[in-house]
């Protein structure tokens, strides 16, 4: 469903840009050509608003981002976001298949995306994992704006597939809301024994200010001090511990205050100057996370 919606959005934006081009071509070819940049300019303006809201957040243990870091993060997020939301997810959701080679005993990885994303988000990771010989399954979580708890069966089925193929509990690699979906799955009986490690990237473990601007039940659950997050923490206090690695940055334009992406007791890894989507494709994050699958 999300891929169809994003394809429709791409078609609408392309139509508007072409209408602008045709409408202004006879009077001003230069202005007409400039209209082709309207989708990029609009997305860039939206990102600029997010970074402006981030810059207003003062109280956080993480170092406050410099103007140069914010500008660099905005540019990186513009490039990463265009690739993810206007190409990979709408048109390439299934371009990279799951990789479950017969007879392997290599530990595998489950990729869990965030809000308004699908498995196409992970295409570069899946190509790298396949090159490294790592079995992997990438899920698409729907309904898009449903409860995070509704994603638990999808994650459980992916974990079961990898265990059946490899005989070993996998590592979960999660971006944004996907980290909360993984924690929700860990509340199911026996889940802690079926996973070797959980890696989260820019996940709002303690909620995010930006969630109040979102729509849907999952957005309400990701708000700061939400009842859902409080209940999740209470449930985890009585559950078997699972090792976590949490990547976060002081230029996250979606999850802020930015230290909400860290967790008490986790291996928290701070990477300055990285935006929300771009952080997931930083070379150090990709390499170290897949290396963790090898060594888990």
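Residue numbers (the UniProt record's numbering): 1 to 296.
Where is the CB? At the ideal position from N, CA and C, for every residue including glycine.
Euclidean distance between Cα positions of residue i and residue j
i	j	result
residue 234	residue 46	36 Å
residue 220	residue 212	7 Å
residue 25	residue 32	5 Å
residue 188	residue 203	20 Å
residue 108	residue 186	18 Å
residue 170	residue 132	15 Å
residue 113	residue 86	16 Å
residue 129	residue 179	20 Å
residue 190	residue 184	13 Å
residue 269	residue 68	21 Å
residue 164	residue 101	11 Å
residue 182	residue 244	11 Å
residue 17	residue 5	18 Å
residue 259	residue 20	43 Å
residue 176	residue 29	42 Å
residue 209	residue 256	6 Å
residue 55	residue 248	16 Å
residue 34	residue 230	49 Å
residue 328	residue 127	Summary: the structure shown does not reach residue 328, with the chain confined to residues 1 through 296, and so no result is reported for it.
residue 42	residue 78	11 Å
residue 153	residue 280	24 Å
residue 57	residue 271	18 Å
residue 98	residue 172	14 Å
Outcome for residue i when other beta-carbon atoms lying within 10 angstroms are tallied against a minimum of 16
i	result
residue 174	buried
residue 246	buried
residue 66	exposed
residue 14	exposed
residue 299	Because the chain spans 1 through 296 in this model, residue 299 falls outside it and cannot be assessed.
residue 225	exposed
residue 80	buried
residue 1	exposed
residue 196	buried
residue 289	buried
Residue i versus the options, residue with shortest Cα-Cα distance
i	options	result
residue 115	225, 217 and 196	217
residue 121	291, 107 and 141	141
residue 95	118, 180 and 269	118
residue 157	136, 13 and 226	136
residue 227	290, 207 and 6	207
residue 215	145, 290, 83 and 257	145
residue 151	127, 20, 52 and 111	111
residue 309	123, 134 and 99	Because the chain in this structure spans residues 1 to 296, residue 309 falls outside the shown range and cannot be described.
residue 124	106, 104, 83 and 155	83
residue 194	225, 161 and 230	161
residue 88	10, 271, 148 and 52	10
residue 198	148, 104, 271 and 293	293
residue 7	271, 168, 91 and 139	91
residue 148	27, 222 and 139	222
residue 155	139, 166 and 168	139
Beta-bridge pairing of residue i - partner residues as DSSP gives them
i	result
residue 136	99 and 109
residue 269	247
residue 174	112 and 200
Chain B contact for residue i (CB, 9 Å cutoff)
i	result
residue 15	Of the protein chains in the structure, only one exists, and it is not chain B.
Hey, is the region 57 to 74 in contact with the region 267 to 275, meaning 3+ C-beta pairs nearer than 8 Å?
yes
May I ask you to verify whether the region 25 to 45 touches the region 252 to 264, counting CB pairs closer than 8 Å and requiring at least 3?
no
Would you call the region 221 to 241 in contact with the region 281 to 294, where contact means no fewer than 3 C-beta pairs closer than 8 Å?
no
Should the region 190 to 207 be called in touch with the region 242 to 254, which here means at least 3 C-beta pairs below 8 Å?
yes
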